[in-house]
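>
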DNA sequence: CGTTTTTGACCGGCGC
DNA sequence: GCGCCGGTCAAAAACG
């Protein structure tokens with residue numbers, strides 16, 4: 001099987017570290033309003049299921065709009081307010097709270113920092129990042145919670161339009177393994193010994209490299 | 001030497 | 001209109 005034949009896989013738009021972190025905060029983000037959005041909830045759900053049961057269900061997640069966003073219409077940038085001034089369109093955002101000593105949490109994507117600002121009522125600055133993929137316009141902001149500086153708030157804006165390399169590295173060997181089990185099960189004669197599913201991580205990686213060629 | 005980060009300047013929205 | 005604030009730009013510096 002060629003790697004190109006796999007369905008396009010999109011990684012979650014949030015820190016992978018937060019999924020496995022036992023210290024994940026599960027309070028909704030404050031000062032944010034829940035809003036309908038075009039966020040890929042299926043991705044979020046399936047990704048949070050990969051949690052290993054340590055933090056079942058969703059990670060600390062809140063989708064919210066900024067004060068300027070308007071979710072009643074899709075083309076907010078075309079709308080005008082009373083004054084006649086155009087409202088700037090703010091894409092849907094997702095914020096994650098993660099208790100971590102590290103500011104930058106690995107989410108599998110590659111980011112380039114493009115700004116940093118001091119935030120009012122917070123001693124910690126807010127950092128602005130953009131996805132380095134040339135066609136991707138996803139941004140994220142990272143800052144520490146003013147009330148509890150051990151909590152990192154990662155806010156994602158937009159949906160990646162490309163697969164996550166890191167996630168693919170993990171999933172391809174896994175998919176190869178599942179495919180090999182299926183093949184062996186199908187090929188094993190009736191009433192034969194049960195097919196062994198045991199594989200080491202090294203074997204999985206080797207198989208993936210061979211199959212990806 | 002190409003890429004990434006830093007950081008001050010700039011801009012637009014908002015409240016008064 | 002003015003000042004505040006958050007977000008972005010872009011030149012310089014740092015890094016690998």
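Numbering (UniProt numbering), first residue to last: 1 to 213. Even glycine gets a Cβ: it sits at the ideal position worked out from N, Cα and C.
(1) Only counting the same chain, and skipping five residues up and downstream in sequence, which positions put a Cβ closer than 6 Å to that of residue 180?
(2) On the criterion of 16 or more Cβ atoms from any shown chain inside 10 Å, does residue 103 qualify as buried, or is it exposed?
(3) What first and last residue would you give for the beta strand (DSSP E) that runs through residue 142?
(4) For the region 126-142 against the region 98-113, are there 3 or more C-beta pairs whose distance is under 8 Å?
(5) Secondary structure at residue 179, three-state DSSP: helix, strand or coil?
(6) Let me confirm a value: residue 173 is counted as buried when at least 16 other C-beta atoms fall within 10 Å, else exposed. Which label applies?
(7) For residue 137 and residue 158, I'd like the C-alpha separation in whole angstroms.
(8) Which residues in the same chain as residue 119 place their Cβ atom closer than 7 Å to its Cβ, once the five residues preceding and following it in sequence are excluded?
(9) Span of the beta strand (DSSP E) holding residue 109?
(10) Of the residues 99, 139 and 185, which one's Cα is nearest the Cα of residue 92?
(11) So what's residue 215 in DSSP terms, helix, strand or just coil?
(12) Helix or strand or just coil, what does DSSP make of residue 131?
(13) Pull the bridge partners of residue 99 from the DSSP assignment, please.
By the coordinates alone:
(1) none
(2) exposed
(3) 139-144
(4) yes
(5) helix
(6) buried
(7) Answer to the nearest angstrom: the Cα atoms are 7 Å apart.
(8) 125, 126 and 143
(9) Counting along the chain, residue 109 sits inside no beta strand (DSSP E), nor does DSSP assign it H or E at all.
(10) 139
(11) Outside the displayed range of the chain (1 to 213) lies residue 215, so it cannot be described from this structure.
(12) strand
(13) Bridge partners of residue 99: 151.
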